[in-house]
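Here the numbering used here is used: the first residue of the sequence shown is 320, the next is one more, and so on. Just so you know, even glycine gets a beta-carbon here, dropped at the ideal spot from N, CA and C. Please read these numbers as outputs of a predicted model, since none were measured by experiment.
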Amino acid sequence: MAWLIGFGVLVGVVFLAGAAKGGLQGGGAAVLFLIFGLIALFGILAVFD
């Protein structure tokens, strides 16, 4: 279950970094794509956990 907490923290950090860097104009789309990628990774990890 520790990886779930780490995943949540990682998503939060990535989102905050993207929002601080470019807001929802510049880096918003890239951040959203990255978050969706992490969600897909989360799904894969959930299968193997």
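Proximal residues to residue i (C-beta, below 6 Å), its chain only, five neighbours per side dropped
i, result
"Phe293", "As shown, the chain starts at 320 and ends at 368. That puts residue 293 outside it, with no answer to give."
"Phe326", "Phe361"
Neighbourhood of residue i by C-beta distance below 7 Å, restricted to the same chain and skipping five residues each side
i, result
"Leu364", "Trp322"
Pairwise C-alpha distance: residue j and residue i
i, j, result
"Ile324", "Ala359", "16 Å"
"Gly362", "Val330", "14 Å"
"Phe334", "Val366", "25 Å"
"Val332", "Ile354", "11 Å"
Residue environment, residue i, which counts as buried when at least 16 other CB atoms sit within 10 Å
i, result
"Val350", "buried"
Sequence-distant residues of the same chain with beta carbon closer than 8 Å to residue i, five excluded per side
i, result
"Leu357", "Phe326, Leu329, Val330, Val333"
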